[in-house]
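As they're listed, the protein sequences go chains A and B.
For the first sequence, counting from 1, position 261 maps to 261 in our numbering; every step adds exactly one.
Each position in the second sequence, counted from 1, maps to that position plus 265 in our numbering.
To start, the structure itself, in structure tokens.
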Amino acid sequence: MSLLRRRNRQARSAGDDALGRPMTDTPVIRFDGVGLTYPGPPPVTALRDCRMTVERGEFVAVVGPSGSGKSTFLNLAGLLDRPTTGTYELDGIDVRSLSETERTALRGRRLGFVFQAFHLLPYRTALENVALAQLYSRVSAADRRKAAAEALRRVGLGHRMHALPTTLSGGERQRVAIARALVNRPSLLLCDEPTGSLDTSTAGTVMDLLAELNSAGLTIVVITHDLHVAGRADRILAIRDGRLSADRPSGQAASAPQEPHAHAG
Amino acid sequence: MPTPDSRRGRRARGIEPSGIRRRDLAAEALAGVLQRPARSVLTMLGTVLGIGAFVAVLGLTATAGGQIDKRFDELSATQVTVADVGTGVPDDPTLSFPADADQRIGALNGVVAGGVFWPIDQARPRFAATPDADAPGAGYGDGIRLYAASPGALAAMEPTLRTGRTYDRFAESRRERVAVLGPGAARKLGITRLDGNPAVFVNGSPYTVVGIIADTRRMPELLSSVFIPAATAVQGFGEPVGPRASMIVHTRIGAARLIARQAPVALRPDGPQLFSVTPPPDPRDLREDVGRALDSLFLLLASVSLVIGAVGIANTTLVAVLERTPEIGLRRTLGARPRHIALQFLAESTALGTLGGLIGTSCGVAVVLATAVGNDWTAILEPWVVVPAPLIGSAVGLVAGLYPALRAARIEPADALRR
Ligand SMILES: Nc1ncnc2c1ncn2[C@@H]1O[C@H](COP(=O)(O)OP(=O)(O)OP(=O)(O)O)[C@@H](O)[C@H]1O
Ligand SMILES: [Mg+2]
Chain A
1 MSLLRRRNRQ
11 ARSAGDDALG
21 RPMTDTPVIR
31 FDGVGLTYPG
41 PPPVTALRDC
51 RMTVERGEFV
61 AVVGPSGSGK
71 STFLNLAGLL
81 DRPTTGTYEL
91 DGIDVRSLSE
101 TERTALRGRR
111 LGFVFQAFHL
121 LPYRTALENV
131 ALAQLYSRVS
141 AADRRKAAAE
151 ALRRVGLGHR
161 MHALPTTLSG
171 GERQRVAIAR
181 ALVNRPSLLL
191 CDEPTGSLDT
201 STAGTVMDLL
211 AELNSAGLTI
221 VVITHDLHVA
231 GRADRILAIR
241 DGRLSADRPS
251 GQAASAPQEP
261 HAHAG
Chain B
266 MPTPDSRRGR
276 RARGIEPSGI
286 RRRDLAAEAL
296 AGVLQRPARS
306 VLTMLGTVLG
316 IGAFVAVLGL
326 TATAGGQIDK
336 RFDELSATQV
346 TVADVGTGVP
356 DDPTLSFPAD
366 ADQRIGALNG
376 VVAGGVFWPI
386 DQARPRFAAT
396 PDADAPGAGY
406 GDGIRLYAAS
416 PGALAAMEPT
426 LRTGRTYDRF
436 AESRRERVAV
446 LGPGAARKLG
456 ITRLDGNPAV
466 FVNGSPYTVV
476 GIIADTRRMP
486 ELLSSVFIPA
496 ATAVQGFGEP
506 VGPRASMIVH
516 TRIGAARLIA
526 RQAPVALRPD
536 GPQLFSVTPP
546 PDPRDLREDV
556 GRALDSLFLL
566 LASVSLVIGA
576 VGIANTTLVA
586 VLERTPEIGL
596 RRTLGARPRH
606 IALQFLAEST
616 ALGTLGGLIG
626 TSCGVAVVLA
636 TAVGNDWTAI
646 LEPWVVVPAP
656 LIGSAVGLVA
666 GLYPALRAAR
676 IEPADALRR
């Protein structure tokens with residue numbers, strides 16, 4: 001009961017540190033038979049019977065050929081789409097039962113998104129772009145700027161706060177986008193091809209940043225084509241034709257348990 | 266551990282919906298308008314023109330109407346004309362006005378001066394400055410007319426005298442042979458000074474010139490006439506037959522319509538029907554006549570401009586929605602609800618409309634002021650025109666933004682981000 005109350009308070013205060021959350025035993029993502037069929041016509045089953053979990057503090061890469069359903073997976077995990085089958089629990093909350101408004105609130109507070117195209121507003125400075133993250137949390141403008149400045153310093157852009165995105169390099173732009181995703185101290189950072197628009201060495205620095213954030217406790221899921229990038233993760237999940245295959249451990253060998261609860265240990 | 270179902274229920278209730286502060290919404294809208302200033306200005310043009318025309322038309326109508334009112338107040342509103350229509354018997358020369366008409370009308374409360382006058386044309390008067398009929402400047406019909414005018418009638422014309430005086434009631438009662446010259450008559454007769462006691466000879470009979478008029482406020486058409494007292498005229502030329510006599514009354518402001526009702530009875534309690542009275546026109550009728558024709562045409566044009574303005578804003582906002590679809594997707598990932606997206610675009614279009622309304626109002630006011638200054642008028646800008654004008658702009662922007670805002674709100678975040 002006290003656990004519940006604390007969780008509710010967290011939801012209201014929009015962003016206690018992910019590490020500070022008491023329920024470290026609850027997986028951040030738990031997919032149980034999740035599938036998505038786009039209605040079409042013709043209907044396309046982009047993801048089928050997906051069972052997996054992402055534990056708190058994990059760094060997971062999702063790889064797969066184009067059209068295999070990676071973005072579909074991310075949209076489902078990011079509450080941008082509703083699964084047509086199965087159950088998805090985010091931070092232990094079964095999101096199937098939530099209203100659209102609640103899903104939106106959860107999305108804004110518990111999830112951070114990083115995209116290949118950065119999606120920075122071109123006429124706003126780096127600071128203003130990052131401050132946008134708390135616009136829908138009724139945080140005062142001054143506090144939003146303070147949090148944004150802190151996030152920008154966190155990604156090493158303290159000196160470029162007032163630059164417009166058009167004057168930033170690709171790597172810097174992606175770091176601004178990461179700072180924006182960090183402001184609300186999310187439970188989960190979802191990155192769709194974060195290095196897709198960057199050259200190899202810049203991609204390396206962005207992945208360094210993600211690895212650093214992960215080692216500080218942030219749970220990260222990265223979608224990528226690039227096996228170098230995937231190699232930075234703790235775990236690699238492969239998708240092919242909408243099917244999530246057994247995950248391969250990357251780097252230090254994990255016990256490689258089988259689905260459905262890939263990392264339930 | 267609670268059961269999954271109860272847990273779900275409690276958690277769902279614990280999630281507070283995301284929301285945006287009103288100030289932040291306004292700031293976002295303003296940023297949206299200002300980030301493409303040139304486009305915003307072009308978009309506002311229709312609204313600027315519409316609101317500007319609206320303010321200018323209503324302002325100019327009020328200003329012009331004010332001028333009409335002013336002239337009206339000063340002259341027409343203080344003037345009543347009483348015409349002698351007589352008994353209707355043809356060629357009945359009897360003067361309906363009593364001999365003491367001036368005093369009777371002057372006794373009415375609100376009358377400044379009033380008196381009887383008529384032209385003496387039947388006698389075909391010939392004028393000369395000397396008894397010698399062949400003297401220069403004599404001649405008949407040089408545009409000089411002879412008028413019988415009581416002292417009250419002369420006073421009601423509000424003359425300014427170049428020299429001398431007008432004749433008084435005493436001269437009238439004694440039927441003195443005196444005359445007052447209008448400036449045109451004085452020039453044609455060559456009489457400019459009074460020091461030699463000059464006389465004007467009418468058909469050979471002398472009338473001593475006691476004054477020369479420089480100008481009159483009323484009946485300036487009589488400026489080239491020779492005036493003699495009414496009683497003197499009756500004695501010399503008989504009662505008027507052709508054009509019958511009239512009375513001109515100068516009243517105080519506001520009294521004219523009352524005097525118009527009272528005058529016939531005051532003059533002839535026994536026969537008020539002998540007179541026909543012309544009261545001043547009702548100022549309201551006058552203004553409305555002038556106002557209505559202008560107003561309806563230009564307000565129609567202003568409305569057309571406003572519709573064009575609304576279409577312009579709607580179009581630009583729709584283009585902005587399409588252009589900024591990825592931004593919409595991003596905002597949805599940051600916790601924006603569909604209504605926040607709709608509100609943002611609605612606020613942007615409303616800001617455009619309001620800005621257009623403000624600029625249009627300023628332009629309209631400037632046009633009214635410039636016209637007023639150029640014509641030496643007093644600018645009249647009613648608050649009920651100026652104050653709501655920018656609000657009309659806001660309303661135009663709001664209505665124009667409805668459809669694009671709805672479109673924006675319906676965009677699915679996943680679709681928006683796929684771009
Ligand atoms: N809205 C949609 N309606 C119908 N089919 C869709 C829709 N979105 C995606 N798909 C299909 O679902 C499948 C998976 O798409 P998804 O975008 O997840 O692929 P992906 O793995 O992200 O590919 P890429 O690497 O090219 O980004 C594809 O066959 C795609 O055509
Ligand atoms: Mg994709």
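Where is the CB? At the ideal position from N, CA and C, for every residue including glycine.
All figures in this text were calculated on a predicted structure; none of them were measured in a lab.
Looking at ligand 4, does it come within less than 7 Å of residue i, judged from the CB to the closest heavy atom?
i       : result
Ser71/A : Among the ligands present in this structure, namely ligand 1 and ligand 2, ligand 4 is not found.
Closer than 6 Å by C-beta to residue i: which residues in its own chain qualify, once you throw out the five before and the five after it? Chain order, please.
i        : result
Phe59/A  : Asn214, Ile220, Ala233 and Asp234
Pro282/B : none
Ala665/B : Ala575, Ile578, Ala579 and Ser614
Tyr136/A : Gly108
Pro384/B : Arg410, Tyr412 and Pro508
Ile606/B : Ile593, Ala673 and Ala674
Pro396/B : Phe466
Ala206/B : Residue 206/B is absent from the model: chain B starts at 266 and stops at 684.
Pro260/A : Caution is warranted here: a pLDDT of 41 is assigned to Pro260/A, below 50, making its placement in the model unreliable, and the coordinate value is therefore given only provisionally. Here the set comprises Arg51.
Ser245/A : Ala238
Ala177/A : Val114 and Phe118
Val652/B : none
For residue i, collect the residues of the same chain with a Cβ closer than 8 Å to its Cβ; drop the 5 residues on either side in sequence, then sort them by chain order.
i        : result
Ala654/B : Ile316, Phe319, Val320, Gly622, Gly625, Thr626 and Gly629
Leu620/B : Val298, Ser305, Met309 and Gly658
Arg240/A : Gly64, Pro65 and Ser68
Arg483/B : Leu340, Gln344, Ala421, Met422, Glu423, Ile513 and His515
Arg9/A   : Reliability fails at Arg9/A, whose pLDDT of 40 lies under 50, so the model's placement of it is uncertain and no value is given.
Gly449/B : Gly408, Ile409, Leu488, Ser489 and Ser490
Leu611/B : Leu663, Gly666, Leu667 and Ala670
Roughly how far, in whole angstroms, is the beta-carbon of residue i from the beta-carbon of residue j, given that I think they are within contact range, below 8 Å?
i        : j        : result
Ile645/B : Gly331/B : 5 Å
Thr312/B : Gly600/B : Wrong, their Cβ atoms sit about 33 Å apart, outside the cutoff.
Val222/A : Ala46/A  : Not quite, the Cβ-Cβ distance comes to about 19 Å (not below 8 Å), so this is no contact.
Gln500/B : Arg440/B : 5 Å
Val445/B : Leu459/B : So it is not a contact: roughly 11 Å between Cβ atoms.
Gly380/B : Leu419/B : 7 Å
Glu437/B : Ala528/B : About 20 Å separates the two Cβ atoms, so there is no contact after all.
Thr87/A  : Asp94/A  : 6 Å
Gly217/A : Gly33/A  : Not really, about 29 Å apart at Cβ, beyond 8 Å.
Ala567/B : Thr328/B : Between Thr328/B and Ala567/B the Cβ distance is about 17 Å, and since that is not below 8 Å, they are no contact.
Leu152/A : Val130/A : 6 Å
Arg124/A : Gln134/A : Actually they are not in contact, since the Cβ atoms of Arg124/A and Gln134/A sit about 14 Å apart, beyond 8 Å.
Below 7 Å CB to CB, which residues in the same chain sit around residue i once its five sequence neighbours on both sides are set aside?
i        : result
Arg243/A : Arg48
Arg517/B : Thr343, Gly375 and Val377
Thr205/A : Gly171
Met207/A : Thr195, Val229 and Arg232
Asp91/A  : Thr26, Val28, Arg110 and Ser187
Ala531/B : Arg369, Ile370 and Leu373
Thr166/A : Pro122
Chain-ordered residues of the region 138-167 of chain A with a beta carbon less than 8 Å from chain B: Arg138, Ser140 and Ala141
Whole alpha helix (DSSP H) elements within the region 523-603 of chain B, 4-residue minimum: 548-588 and 590-598
Positions along the region 654-667 of chain B whose CB lies within less than 7 Å of some CB in chain A: none
Near-chain A residues of the region 281-293 of chain B - C-beta to any C-beta below 8 Å: Glu281, Pro282, Ser283, Gly284, Ile285, Arg286, Arg288, Asp289, Ala292 and Glu293
Interface positions of the region 41-74 of chain A facing chain B (Cβ-Cβ less than 9 Å), listed along the chain: Ser71 and Thr72
Every unbroken beta strand (DSSP E) within the region 136-219 of chain A, with a cutoff of 3 residues, ordered by chain: 188-192
Complete runs of the alpha helix (DSSP H) confined to the region 342-402 of chain B [at least 4 residues]: 366-371
Chain-ordered residues of the region 575-602 of chain B with a beta carbon less than 9 Å from chain A: Arg589, Pro591, Glu592, Gly594, Leu595, Arg596, Arg597, Thr598, Leu599, Gly600, Ala601 and Arg602
Residues of the region 123-134 of chain A with Cβ closer than 9 Å to any Cβ of chain B, in chain order: Tyr123, Arg124, Glu128, Leu132, Ala133 and Gln134
Start-end ranges of the alpha helix (DSSP H) lying completely within the region 94-132 of chain A, minimum 4 residues: 100-110 and 126-131
Selection of the region 300-312 of chain B by Cβ proximity to chain A, strictly under 7 Å: Gln300
Under 7 Å (Cβ pairs) to chain A, residues found in the region 666-680 of chain B: Pro678 and Ala679
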